[in-house]
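Numbering (the working numbering), first residue to last: 1 to 654. Note that the Cβ used here is the ideal one computed from N, Cα and C, for glycine as well. Here the structure is a predicted model, which means the values were calculated and not measured.
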Ligand SMILES: Nc1nc2c(c(=O)[nH]1)N[C@H]1C(S)=C(S)[C@@H](COP(=O)(O)OP(=O)(O)OC[C@H]3O[C@@H](n4cnc5c(=O)[nH]c(N)nc54)[C@H](O)[C@@H]3O)O[C@H]1N2
Ligand SMILES: Nc1nc2c(c(=O)[nH]1)N[C@H]1C(S)=C(S)[C@@H](COP(=O)(O)OP(=O)(O)OC[C@H]3O[C@@H](n4cnc5c(=O)[nH]c(N)nc54)[C@H](O)[C@@H]3O)O[C@H]1N2
Ligand SMILES: [Mo]
């Protein structure tokens, strides 16, 4: 008889699904992962990755024991005992601290598992010793910085509100692939008569299914948003009463809009003036509305500026925070307590995650501890990243569930259990529901969780006593005040609770209003109004999420991420490339060979590829991806990658 365990998906994803996991207690195997139908947001269905979790958990690619590698990348492995592994990891760390100081130690983690214990509490060791860490700018940082400038904080509409909306705009957000539960809520709204709009340079899966699709050139969203607002002003569609009461600086905005006639907007964006007007009318007439601002749109040189501009439209339409971006700033969870940042005595060096490759290549670190992330695939400027990790003078420890690109570059490999093999609490960045994610099966092989490893390393080093606090006590302190309809004991008993959320009409800006004209920006050296950043000519390569993979994960189940690139028929003709032929993409960072898919789903001059593929030449796609941080918020600029394209001279038969 299968047993059912309640769990929560901890993957870096908008949806954070509440799950029911079927386990065979006799063989201790995961049989099936299903959605929990009782949850109003994440429902009874899972995405292709959730459905594949039993296979990924029991895959032959699991790391089951600690190993030492002789010679990286890819040198021979020697199995070692945990005790030996921990002794070595600790002694190398101590040696680095003594000889080079904490700045030479880099802890490199990200959201591979967003569990409060797995990802947050496990950072206490590193915060106690003052290790260098990154600024976590790879994904959403610039958008957060952008929304803070105008709204004081970046939270917005809650998922439950979507079905009640009359207009939903997916702006640079491919929800039909990247957030299928939010997408389902939007389809429900459509069932009740709502209009769905997509704004995306390419005909994405979401654009194909929406009622209206606007296709600006990549990186021109500021101009488009200004165009929409200009049309709203011209056609008297602005909610003047709301603007008067809740916003600051309308006159300044109107002055800027006077420079954005729709013919100029059309020239910059490529979107016909009548479509801009059409969207303006929808915003003016269909209320309530919400604009879902995707992380994808803000990954360009002016991405943060784009988020700023788009976020102002709903204010003119008279909506309190009429957008969704990321709701984590709405919760009161004390994350700085969990990670120990609050208690840390040493102020660590914080380096750019986006530009990390160059620092790695220069040999800035002597000891790197990596978990919950696969930097040898997912960081931009892969040549530099890999050169840096391969250096002989840096000791690399990787704590991972599966063999991947980064384990090739590890001197020491530690086996980690997946989320199905440990108990944790996961907090979503979209919805408010929390519950205990219970261990479904015993950890495979000798895999040990992040808190276990941290505590054993801590026992071998001089650390602050708070590193050794009982993790569940720490969780209680960090969470108790954040829960709305119960307390931590209810959570431990297995109840699903809601997080309290800050109110939508609260604006922690200097004026206490929505600052259309941002006084914070003025103070911090940014333009008070959003700026359309000039983009260079040439082919722009955009990359985004694929339905079957979470970043580099699930290739063990679904096979390699397709090494393809979409190319417009006009471009294909000019380059003499036929559908299915290999093309070489190159720039100052390196090159990658991909198979051309000739399609009108991208306009001329724009290329699209599923992110994180390995090219036909064996080079990672991220070889040609830009590692320049944005000026606003330091976020990634992946979708501003400029490449040259040519027919690849030979077909590699790997
Ligand atoms: N299946 C799946 N789902 C995921 C993930 C995954 O790996 N796989 N990852 C999760 C994570 S961490 C993230 S960050 C999100 C990402 O999910 P999204 O926020 O949807 O972002 P992306 O998939 O990067 O890109 C969304 C769209 O932005 C478009 N875009 C690119 N440049 C521009 C531009 O200049 N302007 C406009 N308007 N649009 C542009 C792209 O064409 C793409 O269709 O997905 C999450 N969900
Ligand atoms: N070209 C391009 N590159 C991109 C992007 C893009 O749009 N374009 N998007 C960027 C974005 S938005 C993001 S968020 C990053 C994501 O970058 P990463 O966070 O590096 O993404 P993943 O490939 O999902 O790597 C997560 C790793 O964590 C491991 N893991 C999972 N669960 C656990 C656990 O419980 N414990 C431990 N120890 N490990 C675990 C997985 O096996 C996997 O190897 O990629 C970025 N890279
Ligand atoms: Mo992300």
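Q: Could you tell me if the beta carbon of residue 156 falls within a distance shorter than 7 Å of some heavy atom in ligand 1?
A: Here residue 156 refers to the residue found at position 156 of the chain shown. With a cut-off of 7 Å, the C-beta of residue 156 is classified as distant from ligand 1, since no heavy atom of the ligand falls inside that distance.
Q | Buried or exposed (CB count within 10 angstroms, at least 16 for buried), residue 471 | A | The residue labelled residue 471 in the question sits at position 471 within the chain shown. Per the 10 Å Cβ criterion, buried.
Q: Reducing DSSP to helix, strand and coil, say where residue 179 ends up.
A: If you number the chain shown from 1, residue 179 lands on position 179. Residue 179 falls in the coil class under three-state DSSP.
Q. When the distance is taken between beta carbons, is residue 370 closer than 8 Å to residue 406?
A. Along the chain shown, read from residue 1 onward, the residue named residue 406 stands at position 406. Along the chain shown, read from residue 1 onward, the residue named residue 370 stands at position 370. In contact: residue 406 and residue 370 (Cβ atoms closer than 8 Å).
(Q) Please classify residue 305 as buried or exposed, where buried requires at least 16 other C-beta atoms within 10 Å of its C-beta. (A) Taking the chain shown and counting its residues from 1, the one referred to as residue 305 is at position 305. By the neighbour-count rule (16 or more Cβ atoms within 10 Å), residue 305 is buried.
Q. Where does the unbroken alpha helix (DSSP H) through residue 489 begin, and where does it stop?
A. Here residue 489 refers to the residue found at position 489 of the chain shown. Where residue 489 is concerned, the enclosing alpha helix (DSSP H) stretches over 488 to 492.
**Q.** Endpoints, beta strand (DSSP E) assigned at residue 3
**A.** Position 3 of the chain shown, counting from 1, holds the residue named residue 3. 3 to 8 is the span of the beta strand (DSSP E), which, as asked, contains residue 3.
Q | Proximal residues to residue 133 (C-beta, below 7 Å), its chain only, five neighbours per side dropped | A | The residue you call residue 133 lines up with position 133 of the chain shown. Excluding sequence neighbours, residue 133 sits near 107, 126, 348 and 350.
Q: Answer yes or no: the CB of residue 202 versus the heavy atoms of ligand 1, is any distance below 7 Å?
A: Counted from its first residue, the chain shown places residue 202 at position 202. For residue 202, the shortest separation between its Cβ and any heavy atom of ligand 1 lies below 7 Å.
(Q) One question on the structure: do residue 59 and residue 557 come within less than 8 Å of each other, judged by their Cβ atoms? (A) The residue labelled residue 59 in the question sits at position 59 within the chain shown. The residue labelled residue 557 in the question sits at position 557 within the chain shown. Yes. Within cutoff.
Q) Okay, do the segment 581 to 595 and the segment 547 to 554 touch, 3+ Cβ pairs below 8 Å being the bar? A) no
(Q) So, at 6 Å on beta carbons, what are the nonlocal neighbours of residue 251 in its own chain, with the 5 sequence-adjacent residues on each side left out? (A) Numbered from 1 along the chain shown, position 251 holds the residue referred to as residue 251. So no residue of the chain qualifies.
Q: Return the CA-CA distance between residue 176 and residue 473, expressed in angstroms with no decimal places.
A: Position 176 of the chain shown, counting from 1, holds the residue named residue 176. Position 473 of the chain shown, counting from 1, holds the residue named residue 473. Approximately 39 Å between the Cα atoms of the pair.
Q) What do you get for residue 362, buried or exposed, if any count of 16 or more other CB atoms within 10 angstroms of its CB means buried? A) In the chain shown, residue 362 corresponds to position 362, counting from 1. With fewer than 16 other Cβ atoms within 10 Å, it is exposed.
Q: Using only the heavy atoms of ligand 3, determine whether one of them is closer than 7 Å to the beta carbon of residue 295.
A: Here residue 295 refers to the residue found at position 295 of the chain shown. Answer for residue 295: yes, Cβ within range of ligand 3.
Q) Do the segment 66 to 76 and the segment 91 to 104 touch if we need at least three Cβ pairs shorter than 8 Å? A) no
**Q.** Contacting residues, own chain, Cβ-Cβ under 8 Å from residue 265 (five flanking each side not counted)
**A.** As a position in the chain shown, residue 265 is number 265, starting the count at 1. Taken in chain order, the residues that qualify are 223, 224, 226, 227, 230, 271, 273 and 276.
Q. When the distance is taken between beta carbons, is residue 180 closer than 8 Å to residue 292?
A. By 1-based counting over the chain shown, the position of residue 292 is 292. By 1-based counting over the chain shown, the position of residue 180 is 180. The Cβ-Cβ distance between residue 292 and residue 180 does not fall below 8 Å.
**Q.** Same chain, Cβ closer than 6 Å to residue 654, neighbours up to 5 away in sequence not counted
**A.** The residue labelled residue 654 in the question sits at position 654 within the chain shown. Residue confidence is low: residue 654 scores 49 on pLDDT, short of 50, so the model does not pin down where it sits. Its coordinate-derived value is still stated next. Sequence-distant partners of residue 654 (beyond 5 residues in either direction) whose C-beta falls short of 6 Å from its own C-beta are missing from its chain.
(Q) Extract the residue ranges of the alpha helix (DSSP H) inside the segment 253 to 278, only unbroken runs of 4 or more that lie entirely within it. (A) 262 to 269
(Q) Does the beta-carbon of residue 47, which I'm using as the reference point, lie nearer than 7 Å to any heavy atom of ligand 3? (A) Here residue 47 corresponds to residue number 47 of the chain shown, with the count starting at 1. Result no, Cβ not under 7 Å from ligand 3.
Q: Let me know if residue 96 comes out buried or exposed under the rule of 16 or more other beta-carbons within 10 Å of its beta-carbon.
A: For the purposes of this step, residue 96 is taken as the residue at position 96 of the chain shown. Classification of residue 96: buried, given that the 10 Å Cβ count is 16 or more.
Q.
Going residue by residue through the segment 585 to 645, where are the continuous beta strand (DSSP E) segments of at least 3 residues, counting only ones entirely within it?
A. 590 to 598 and 606 to 610
Q) Under the rule that 16 or more other beta-carbon atoms within 10 Å means buried, what is residue 656, buried or exposed? A) Residue 656 cannot be examined here, being either before or after the span of the chain that is shown, 1 to 654.
**Q.** Closer than 7 Å: residue 300 CB and nearest ligand 1 heavy atom
**A.** Along the chain shown, one-based indexing puts residue 300 at 300. At least one heavy atom of ligand 1 is nearer than 7 Å to the Cβ of residue 300, so yes.
Q) When we look at the beta-carbon of residue 570 and count the other beta-carbons within 10 Å, is it buried (16 or more) or exposed? A) Counting from one through the chain shown, the residue named residue 570 turns up at place 570. That one is exposed.
Q. So, using beta-carbon positions, are residue 221 and residue 297 closer together than 8 Å?
A. Taking the first residue of the chain shown as position 1, residue 221 is located at position 221. Taking the first residue of the chain shown as position 1, residue 297 is located at position 297. Contact: yes.
(Q) Just checking residue 373 against ligand 2 - is the residue's beta carbon closer than 7 Å to any of the ligand's heavy atoms? (A) Position 373 of the chain shown, counted from the first residue, corresponds to residue 373. Checking every heavy atom of ligand 2 against the Cβ of residue 373, one is found closer than 7 Å.
Q) Does the segment 623 to 634 touch the segment 560 to 574, meaning 3 or more C-beta pairs lie closer than 8 Å? A) no
Q: Mind the definition here: the segment 244 to 264 touches the segment 327 to 339 only if three or more C-beta pairs lie below 8 Å; say whether that holds.
A: No, because fewer than three Cβ pairs between the segment 244 to 264 and the segment 327 to 339 fall closer than 8 Å, the two stretches do not touch.
(Q) Rounding to the nearest angstrom, what Cα-Cα distance links residue 476 and residue 498 in this structure? (A) Reading the chain shown from its first residue, position 476 is the one you call residue 476. Reading the chain shown from its first residue, position 498 is the one you call residue 498. Roughly 15 Å between the two C-alpha positions.
Q: Taking the CB atoms as reference points, tell me whether residue 154 and residue 430 lie closer together than 8 Å.
A: On the chain shown, residue 154 is found 154 positions in, with the first residue counted as 1. On the chain shown, residue 430 is found 430 positions in, with the first residue counted as 1. Taking 8 Å as the Cβ cut-off, residue 154 and residue 430 do not qualify as a contacting pair.
Q | Cβ-Cβ distance between residue 423 and residue 412 below 8 Å | A | As a first step, residue 423 is located in the chain shown; it is residue number 423 there, counting from the start. As a first step, residue 412 is located in the chain shown; it is residue number 412 there, counting from the start. No, the pair does not count as a contact, with Cβ atoms beyond the cut-off.
Q: At 3 residues or longer, and completely inside the segment 75 to 148: list those beta strand (DSSP E) runs for me, N to C.
A: Runs of the beta strand (DSSP E) spanning 3 or more residues and lying entirely within the segment 75 to 148 occur at 77 to 79, 105 to 109 and 132 to 134, in chain order.
Q.
Once DSSP output is grouped into helix, strand and coil, what is the label at residue 654?
A. Here residue 654 refers to the residue found at position 654 of the chain shown. Bear in mind that the predicted position of residue 654 carries a pLDDT of just 49, short of 50, making it unreliable; the figure below should be weighed with that in mind. Three-state DSSP puts residue 654 in coil, outside helix and strand.
**Q.** Neighbour-count burial assignment, residue 102, 16 or more Cβ in a 10 Å radius
**A.** The residue given as residue 102 occupies position 102 in the chain shown. The residue is buried, with at least 16 neighbouring Cβ atoms inside 10 Å.
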